[in-house]
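Residue numbers (full-length UniProt numbering): 1 to 503. Here a beta-carbon is modelled for each residue, glycine too, at the ideal position from N, C-alpha and C. The next block holds one structure in the form of structure tokens; read it before the comments.
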Amino acid sequence: MQEFCENCRRIHSGNHVCRKSGPAASGNPSRWEWRQAVRKVCNESCEHWGSVNGSKGCTLIPKLHPGKKPCDIGPYFHAKGLACLADPPKYQSRDEVCQIAFPEFRHECQGGSLAIVTAMIGDQAKELGELTLPPMQAYADRCGADLVVIDRDQFPAWPIANKFAVESIAEKYDRTLFLDIDCYVRDTCPNLFERCGRGAIWMHPDRPFIGSDKFLRKDARILGKQGQRLQCYNTGVALMDREHASVWHPPECVSETTHTLEQSSVEVRAVDAGHAIRNLPTRFNSQYWMGQRFWRSVDDAQIIHFANADHSTRLAQIERLVNGSWVQPIVVMTTPRTGSNLLVDSLATHPQAVSASEWFSPTLTGVPAANRARGLGYCNLFKVFESERQMDGFKEIRDRSFRIYLYRRDVDAQLTSWRLACESGWFVAETRDKPVPFPANATEQIAAAERVFRADADLAIAYEDMIANWNDTIANILRLAKWKLATLQQARRRIKPRAVVGR
């Protein structure tokens, strides 16, 4: 097994002295400051410095300790059974785990009666803010509230922690409404300061919408509340009185951070203080990760929260909300020779459609545009075959789309058409491709699609009915998917069975 380089060995043994903070005896008020300095020293001198799965650090760490990230401080002391590293000494008394200590988060503001607060930390948040701050400002004006923007990063190692600065703001206002920067407030949103009574903290309980609560149990353990059943109150939209400001005080020390630790901390402090927590209706915090429940209720939503969406999706979706072209994605789930090209290409002519075509098949021409859209832009129309339903791309959009199962009643006719297309290369009437082998498991693919896709679909359409009643079929799809009604002609000519030369 390869040894550590000299620099990493010093860190690993717990004898490293951070040159940024001076001798270990001087102490260091911030473990995160020390940790960042360790990274800097390693980056300048470690011959094994690199990246593993997106994490930078000494690449020998994951080799010696599988599953560990290069930048995790944990491997440096756990592997040697040390309680903690020698620098800073104030943490040497901790048992088994290194502790993360937070600063006193502050944001200067004048104070007053009502405040709407958001945190805009980092370049991505600023991009979102260009779209979401104007509606927030308009809403603040309607409510007679000040809009306060937290824009100074006081904890770069975990930027979400800057939300703890809400405490210093809520102390100065009679009532404070916090909104995440990825929240879009519709111009029809009522005044929550009037709608939600005083004397309680108003937040949305996410627990009924989640699957596993493993992450909540982990948060409870980190916060020293092992066994406490957290309700997963979401702080992306949170309304409180001045007396509740202290719920935003950061934890004294934690062993690690998680995506939800900040909101779990707020919930724990509220419960410990005996504050009443009232359930904010979902339409005032309708969250993107809720999947179909999000889309089915989104027309009634007044505050749309793009929690857990990737950045490009957030930007694209919010931009479409701003310009009025926002729609739910449509996924056509099918098997070959069911008329899916007719349907998808026709839907792609809809003025609100941004099509990725056949996103999931690596051999099809729609893929380059789809990949660009996935990384840089936005798509809202997809097609997936049964054989591709386990791919990550489909899993990512499955719960956030209107799902159509397209099938043929006459399976024998479908198999015949499929075989002829494979042997001739005529998959569409306009273009002839190279012949490909007819899959031996074609019948099994059709049966699997019938079993899985039908149960998963919001709408099932038979090819025979679609062709016989084209306009009614399109109108029904648009109505159920909540797209604007439009007349869409068949974008392709239907292909007729062709004899294969040489047969």
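DSSP places residue 490 in the coil class of the three-state scheme, outside both helix and strand. Under the three-state reduction of DSSP, residue 120 is assigned to coil, being neither helix nor strand. For residue 212, the three-state secondary structure derived from DSSP is coil. The DSSP-derived three-state label of residue 158 is coil.
Within the DSSP bridge table, the entry for residue 183 names 305 as partners.
Cβ contact annotation for residue 225 (same chain, cutoff 7 Å, sequence separation greater than five): 268, in chain order. Comparing alpha carbon positions, the residue from 454, 170, 156 closest to residue 408 is 454. Counting the other CB atoms within 10 Å of its CB gives residue 467 a total below 16, which places it among the exposed residues.
Annotation: the continuous beta strand (DSSP E) that includes residue 146 extends over 146-150.
For residue 240, the enclosing beta strand (DSSP E) stretches over residues 233-241. The three-state secondary structure of residue 204, taken from DSSP, is strand. For residue 453, no beta strand (DSSP E) run applies; the uninterrupted alpha helix (DSSP H) run containing it begins and ends at 442-456, by DSSP. In the DSSP assignment, residue 193 falls within the unbroken alpha helix (DSSP H) covering 192-195. Within the segment 282-352, complete beta strand (DSSP E) segments of at least 3 residues are found at 303-305, 330-334, given in chain order. Counting other Cβ atoms within 10 Å of its Cβ, residue 53 stays below 16 and is therefore classed as exposed. A residue is called buried once 16 or more other Cβ atoms fall within 10 Å of its Cβ, and residue 485, having fewer, is exposed. Residue 290 places its beta carbon 8 Å or farther from that of residue 178. Rounded to the nearest angstrom, the gap between the Cα atoms of residue 324 and residue 314 is 15 Å.
Using a 10 angstroms sphere on the CB of residue 443, the tally of other CB atoms stays under 16, which defines it as exposed.
Separation of residue 452 and residue 343 (C-alpha to C-alpha, rounded to the nearest whole angstrom) is 20 Å. Each of 251, 176, 352, 131 was checked against the Cα of residue 240, and the nearest Cα belongs to 176. The DSSP-derived three-state label of residue 253 is strand. The DSSP-derived three-state label of residue 273 is coil. Residues 121, 122, 153 of the same chain have their beta carbon placed closer than 7 Å to that of residue 159, with the five preceding and five following residues left out of the count.
Here the C-alpha atom of residue 405 lies approximately 6 Å from the C-alpha atom of residue 332.
Going by DSSP, residue 415 is part of the alpha helix (DSSP H) stretching over 411-424. By the CB criterion at 8 Å, residue 238 and residue 295 fall outside the cutoff. For the pair of segments examined, the segment 138-153 was found to touch the segment 104-114: the number of CB pairs separated by less than 8 Å reaches three. For residue 168, the closest C-alpha among the options 480, 279, 149, 461 is that of 149. DSSP, reduced to helix, strand and coil, places residue 176 within a strand of the structure shown. Burial of residue 337 is indicated by the presence of at least 16 other C-beta atoms within 10 angstroms of its C-beta. The three-state secondary structure of residue 247, taken from DSSP, is helix.
For residue 305, the CB contacts under 6 Å within the same chain, skipping 5 residues up- and downstream, are 183, 236, 285, 287 in chain order. When secondary structure is reduced to three states using DSSP, residue 476 falls in the helix class. The C-alpha of residue 166 is placed about 25 Å away from the C-alpha of residue 187.
Between residue 222 and residue 256, the beta carbon gap of about 6 Å places them in contact (Cβ cut-off 8 Å).
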